[in-house]
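The numbers in full-length UniProt numbering rise by one with no breaks, and the one at position 18 of the sequence shown is 18. Even for Gly, the Cβ is constructed at its ideal location relative to N, Cα and C. It should be emphasised that the depicted structure is a prediction, and the values quoted were computed from it without experimental measurement. Encoded as structure tokens, the structure appears first; notes follow it.
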Amino acid sequence: MANSVVAPYGSWKSPITSELIVAGSIGLGDLAIDGDNLYWTELRPTEKGRSVLVQQTARGKSDVTPAPWNVRSRVHEYGGGAFLVDQGTVYFTNNSDQRLYRQREGQSPESLTPETTHDRYTNPIIDHHQDRILCIREDHQAEVTNTLVSVDLKTDSEKPVQTLAQGHDFYASPCLSPDGTQLAWLTWDNPNLPWDGTDLWLATFEADGTLSQPQHIAGGTDESIFQPQWSPDGQLYFISDRTGWWNLYRWQESKAHPLCPMSAEFGLPQWVFGMSTYGFIAAEQILCSYNLQGQWHLGRLDVSNGQMQEVETDYTNISGLKVGPAFATFKGSSPTTATEIVQLDLKTDQQSVVCSASQLDLDPAYLSEPELLEFPTEGGLTAYGFYYPPKNKDFQGSTTEKPPLIVKSHGGPTAATSSSLSLKIQYWTSRGFAVLDVNYGGSTGYGRAYQHRLRDQWGIVDVDDCVNGAQYLAKQDLVDCDRMAITGSSAGGYTTLAALTFRDVFKAGASYYGIGDLEALAKDTHKFEARYLDRLIGPYPERQDLYQERSPIHHVEQLSCPVIFLQGLEDKVVPPNQAEAMVNALKEKGIPVAYVTFPEEQHGFRQAKNIKRALDSELYFYSQVFRFAIADTVEAVPIENL
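Okay, here's the thing in structure tokens:
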């Protein structure tokens, strides 16, 4: 590199600071189209993580929901699908009280559901024929119950909320036929999660608005159905993984007909409500997004002949696709582009950027572009990841030094990482770290068989793949094998702690609200994931032996390298007692340990000051453990036993 300075890896001065990341970034959430207008939610760290509904009209961009309104549902804790827009009127769930509200143009929000401390609402759709909203309710009285309900739009109704369907553990994705006579929806029951198996139901409405004799038409305990949706001519479509891949189907003549069989994923793990990968341009013309070997594509599908025509984009990750009368919208990102909301003209395929998650104008010479990595792992199998070499136009490493490596284990664990621009990854690579972002066995996007590698094997397959990915890079002389760290959040935090405890490859780790005690998680977590571990480890308490065997908290004697824990104190998904138990055990053993807490945060950090503090704390921790000076001025973190 011309005019670059030789300096130790990790010590490079970077323009990608923690202040820059939080100041210039917002989270882009769900999308919706209403006529010629586009709506979306923005999660704003600078407003204490408030989720704001925003609209783009012919008059320009403006906020719809003023402060302090916060458009966020907490059904299943993870939420999603928290708003609906119909003919200019907005319906949304407010975070603080979880009630459903209506906001007419130019007016203040008015509540549609009773004031309680126990009800939560999400996934609303409009039913004009009965003048009501159909949605999912989660009742937190005593034992949590989920139901499909209607909410009367007449605010003087004596009984504004009526139950339409109940009896299953979970409900999602209600969709109303164009003529208003039929409703389709999804259910599933413990121990399944929606990516294991769901059931698709179809029922006709009676004159009084109740449902008549629901018919089970697809799905089961080993078939995952995703995004049922009606075409303009009243045909029901859905996505199923019955062949091993999430593909599109049409329900016709009491049978499911495949539309375009491919070894690609049109579906996603339904961690949140409101996910969408396709929509209708016309009765037999579908615009869809699909994942092919870790990269997303956009295509037009002609249902009449099953032909797919790719729509060229500059994006490698596409999500949230919605189709309207004249245009479609989606969130797109690439290795050099932060997530953007894109508007696609349906006649010309011309694309324009409406909004970006980052307003930063960074010189690409500071950005490390990922290399798709395939590497050998246990059992002669192949695993995947994205490798980011260190990159900063102002610096280079010495020829006698190799860079430290940070291995990232994504959360879920039934999820996936992508090649999208992540400023949090660039924070590290621009300082001289190499990063490996692993899609370990169990990740989605590579078919059901790859996802099922983690069945009964959590804490083994994911750990092996992270270890083997790191060792593969070390054997290629790309990284320093004596300075390899692993980091992860939530389920990725468990993989991190398991890798540090049960393997001796990594020399340090960072656990963001990670799991140290699997038994505690099995006993003390929310309903949505209450039986998740049955599939990942085994039924509890019948296989208590496996839970103890794979819990780092029970094997601290095997852990001999420094760890930093970062934990929100209001986290209900992975409670703070998990981190505290591990921290105390490491303190007693004399292992260097740091514990950084965030009193106002839940599962995932939303406030700008806390996102900044977490990044800087992790950097400071590595600088102390790996003994290098950092160019940044950051707050020191107390490290016990160092």
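When the distance is taken between beta carbons, is LEU473 closer than 9 Å to ILE486?
Start at 1 with the first residue of the sequence shown, and residue 486 comes out as number 486. Start at 1 with the first residue of the sequence shown, and residue 473 comes out as number 473. In this structure, LEU473 does not lie closer than 9 Å to ILE486 by Cβ.
Please classify ALA282: is it buried, with 16 or more other beta-carbons within 10 angstroms of its beta-carbon, or exposed?
Stepping through the sequence shown from its first residue, residue 282 is reached at position 282. Classification for ALA282: exposed.
Jot down the residue ranges of each uninterrupted beta strand (DSSP E) in the segment 230-256, minimum 3 residues, whole runs only, in chain order.
Counting whole runs of 3 or more residues, the segment 230-256 contains the beta strand (DSSP E) stretches 236-240, 247-252.
Measure the alpha-carbon distance for THR145 versus THR116 and round it to whole angstroms.
Numbered from its first residue, the sequence shown carries residue 145 at position 145. Numbered from its first residue, the sequence shown carries residue 116 at position 116. Cα to Cα, the separation comes out at about 15 Å.
Can you give me the C-alpha to C-alpha distance between LEU533 and ALA522, rounded to a whole angstrom?
Locating residue 533 in the sequence shown gives position 533, where the first residue counts as 1. Locating residue 522 in the sequence shown gives position 522, where the first residue counts as 1. Spanning the two alpha carbons is a distance of roughly 7 Å.
Out of ARG431, PRO541, ARG132, PRO575, point me to the one whose CA is closest to PRO8's CA.
The residue labelled residue 8 in the question sits at position 8 within the sequence shown. The shortest Cα separation from PRO8 among ARG431, PRO541, ARG132, PRO575 belongs to ARG431.
From ALA326 to LEU344, what does the alpha carbon distance come to, in whole angstroms?
The sequence position of residue 326 within the sequence shown is 326, counting from 1. The sequence position of residue 344 within the sequence shown is 344, counting from 1. Looking at the two C-alpha atoms, the distance is approximately 9 Å.
Leaving out five residues before and five after GLU635 in sequence, what residues of the same chain have Cβ atoms less than 8 Å from its Cβ?
Residue 635 sits at position 635 when you count from the first residue of the sequence shown. Cβ neighbours of GLU635 beyond the five flanking positions: ARG613, ASP616, SER617, TYR620.
Report the residue from HIS410, LYS424, GLN451 whose alpha carbon sits nearest the alpha carbon of ASP437.
Your numbering for residue 437 matches position 437 in the sequence shown. The residue with the shortest Cα to Cα distance from ASP437 is HIS410.
Please state whether the Cβ-Cβ distance between ALA203 and ALA256 is less than 9 Å.
Locating residue 203 in the sequence shown gives position 203, where the first residue counts as 1. Locating residue 256 in the sequence shown gives position 256, where the first residue counts as 1. Their beta carbons are not under 9 Å apart, which means ALA203 does not touch ALA256 by this criterion.
So, using beta-carbon positions, are GLU601 and GLU570 closer together than 9 Å?
For this step, residue 601 is matched to residue 601 along the sequence shown. For this step, residue 570 is matched to residue 570 along the sequence shown. Cβ distance < 9 Å, so GLU601 and GLU570 count as in contact.
Could you give the C-beta distance for LYS586 and VAL556, rounded to a whole number, given that I count them as a contact under 8 Å?
The residue labelled residue 586 in the question sits at position 586 within the sequence shown. The residue labelled residue 556 in the question sits at position 556 within the sequence shown. Per the sequence presented here, residue 586 reads as Leu, with Lys not at that position. At roughly 6 Å, the Cβ-Cβ gap stays under 8 Å, so LEU586 and VAL556 are in contact.
Do you know how far the Cα of TRP271 is from the Cα of GLN544?
Residue mapping note: residue 544 aligns to position 544 of the sequence shown, counting from 1. Residue mapping note: residue 271 aligns to position 271 of the sequence shown, counting from 1. Near 26 Å, if we compare the C-alpha coordinates of TRP271 and GLN544.
Sorted by chain position, which residues of the same chain lie with C-beta nearer than 6 Å to SER420's C-beta, five sequence neighbours on each side aside?
Here residue 420 is taken as the residue at index 420 of the sequence shown, counted from 1. Within the same chain, SER420 has close Cβ partners ASN317, SER333.
Does the separation of the CB atoms of PHE433 and LEU405 fall below 9 Å?
Position 433 of the sequence shown, counting from 1, holds the residue named residue 433. Position 405 of the sequence shown, counting from 1, holds the residue named residue 405. Result yes, Cβ atoms of PHE433 and LEU405 sit closer than 9 Å.
Does the Cβ-Cβ distance between VAL574 and GLY493 come in under 9 Å?
Sequence index remark: in the sequence shown, residue 574 carries index 574 (1-based). Sequence index remark: in the sequence shown, residue 493 carries index 493 (1-based). Result yes, Cβ atoms of VAL574 and GLY493 sit closer than 9 Å.
Measure the CB-CB distance between ILE136 and VAL71 and report whether it falls below 9 Å.
On the sequence shown, residue 136 is found 136 positions in, with the first residue counted as 1. On the sequence shown, residue 71 is found 71 positions in, with the first residue counted as 1. Result no, Cβ atoms of ILE136 and VAL71 do not sit closer than 9 Å.
Roughly how many whole angstroms lie between the Cα atoms of ILE591 and SER96?
As a position in the sequence shown, residue 591 is number 591, starting the count at 1. As a position in the sequence shown, residue 96 is number 96, starting the count at 1. Straight-line Cα distance between these residues: approximately 41 Å.
Can at least three beta-carbon pairs, one atom from the segment 456-471 and one from the segment 374-393, be found at a separation below 8 Å?
The segment 456-471 is in contact with the segment 374-393.
Evaluate ASP196 with the Cβ neighbour count: other Cβ atoms within 10 Å of its Cβ, from every protein chain shown; 16 or more gives buried, anything less gives exposed.
Taking the sequence shown and counting its residues from 1, the one referred to as residue 196 is at position 196. That one is buried.
Once DSSP output is grouped into helix, strand and coil, what is the label at GLU549?
Here residue 549 refers to the residue found at position 549 of the sequence shown. Looking at GLU549 - three-state DSSP - the assignment turns out to be helix.
On a Cα-Cα basis, can you pick out the residue from HIS128, HIS129, GLN162, LEU346 that is closest to residue 647?
With the chain covering 1 to 642 only, the question about residue 647 has no answer from this structure.
Please report the residue range of the alpha helix (DSSP H) in which CYS466 lies.
Numbered from 1 along the sequence shown, position 466 holds the residue referred to as residue 466. Note, CYS466: alpha helix (DSSP H), 461-475.
Going by the DSSP bridge assignment, what does TRP296 pair with across the sheet?
Here residue 296 refers to the residue found at position 296 of the sequence shown. Answer is ASN291.
Note down, one range per segment and in chain order, each alpha helix (DSSP H) of at least 4 residues found wholly within the segment 478-563.
Qualifying alpha helix (DSSP H) stretches, in chain order: 491-502, 518-523, 532-536, 544-549.
Rounded to the nearest angstrom, what separates ARG453 and LYS572 at their Cα positions?
Counting from one through the sequence shown, the residue named residue 453 turns up at place 453. Counting from one through the sequence shown, the residue named residue 572 turns up at place 572. Taking the straight line joining both Cα atoms gives about 28 Å.
So, are the CB atoms of VAL407 and ALA470 less than 9 Å apart?
In the sequence shown, residue 407 corresponds to position 407, counting from 1. In the sequence shown, residue 470 corresponds to position 470, counting from 1. A contact, by the Cβ cut-off of 9 Å.
With 16 other CB atoms within 10 Å as the buried threshold, where does LYS402 fall?
Numbered from its first residue, the sequence shown carries residue 402 at position 402. Label assigned to LYS402: buried.
In whole angstroms, what separates the C-alpha of LEU546 from that of LEU536?
For the purposes of this step, residue 546 is taken as residue 546 along the sequence shown, with counting starting at 1. For the purposes of this step, residue 536 is taken as residue 536 along the sequence shown, with counting starting at 1. Those two C-alpha atoms are separated by around 11 Å.
Kindly indicate which three-state DSSP category GLN426 falls into: helix, strand or coil?
Mapped onto the sequence shown, residue 426 falls at position 426. Looking at GLN426 - three-state DSSP - the assignment turns out to be helix.
Thinking just about the alpha-carbon of each residue, which of PHE605, PRO258, ALA32 is nearest to the one in SER304?
One-based indexing of the sequence shown puts residue 304 at position 304. Per the Cα distances, PRO258.
If we count Cβ pairs, one from each stretch, closer than 8 Å, do we get three or more for the segment 292-300 versus the segment 239-254?
The segment 292-300 vs the segment 239-254: no contact.
Rounded to the nearest angstrom, how far is the Cβ of LEU148 from that of LEU112, given a contact under 8 Å?
For this step, residue 148 is matched to residue 148 along the sequence shown. For this step, residue 112 is matched to residue 112 along the sequence shown. That belief does not hold up - the Cβ atoms of LEU148 and LEU112 are roughly 16 Å apart, past 8 Å.
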